[in-house]
Amino acid sequence: MERGGCVYIMTNKLHTVLYTGVTSDITGRVWEHNNKIYPGSFMAKYNCNKLIYYCFYFHIEEAIAAEKLIKGISSGMHR
Numbered sequence: 001m002e003r004g005g006c007v008y009i010m011t012n013k014l015h016t017v018l019y020t021g022v023t024s025d026i027t028g029r030v031w032e033h034n035n036k037i038y039p040g041s042f043m044a045k046y047n048c049n050k051l052i053y054y055c056f057y058f059h060i061e062e063a064i065a066a067e068k069l070i071k072g073i074s075s076g077m078h079r
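Number 59 in full-length UniProt numbering belongs to position 59 of the sequence shown; there are no gaps in the numbering.
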């Protein structure tokens with residue numbers, strides 16, 4: 001059985017930092033970010049604790065492809 005996944009975007013309080021990720025457990029992943037389970041992570045360092053977007057896909061590969069697309073678009077904005 002295929003396992004689905006979510007692509008998600010989180011930001012900080014002032015909306016100055018964006019983080020894009022992929023997970024098969026959106027609720028658990030947001031909880032991990034908000035509780036700083038990984039203190040040295042990008043999310044903990046920049047206080048990204050506000051979920052601003054997520055999209056569920058029936059196949060995790062689709063979620064990974066969407067994440068790459070979003071990251072490609074956002075990196076192009078900095079050029």
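Glycine residues also receive a C-beta, built at the ideal position from the N, C-alpha and C atoms. For clarity, every value in this text was computed on a predicted model and none was experimentally measured.
Rounded distance between the beta-carbons of residue j and residue i, thought under 8 Å
{"i": "E67", "j": "V30", "result": "At roughly 16 Å, the Cβ-Cβ gap does not stay under 8 Å, so E67 and V30 are not in contact."}
{"i": "I43", "j": "H33", "result": "Reading off the sequence, residue 43 comes out as Met, not Ile. Confirmed, Cβ separation roughly 5 Å."}
{"i": "Y57", "j": "G21", "result": "With a Cβ gap of about 13 Å, Y57 and G21 do not count as contacting."}
Among the options, nearest to residue i - alpha-carbon criterion
{"i": "T27", "options": "N49, I64 and L69", "result": "N49"}
{"i": "K45", "options": "V17, R3, S24 and A65", "result": "V17"}
{"i": "C55", "options": "N12, T23 and S41", "result": "T23"}
{"i": "K13", "options": "E62, A63, N47 and G21", "result": "N47"}
{"i": "D25", "options": "I73, I37 and R3", "result": "R3"}
{"i": "S41", "options": "E62, E61, Y19 and Y53", "result": "Y19"}
Three-state secondary structure (DSSP) of residue i
{"i": "I9", "result": "strand"}
Buried or exposed by the 16-neighbour rule on C-beta atoms within 10 Å, applied to residue i
{"i": "M10", "result": "buried"}
{"i": "I70", "result": "buried"}
Can you check the UniProt domain "GIY-YIG" (3-79) for any alpha helix (DSSP H) of at least 4 residues that lies completely inside it and give the ranges in chain order?
26-34, 42-45 and 60-76
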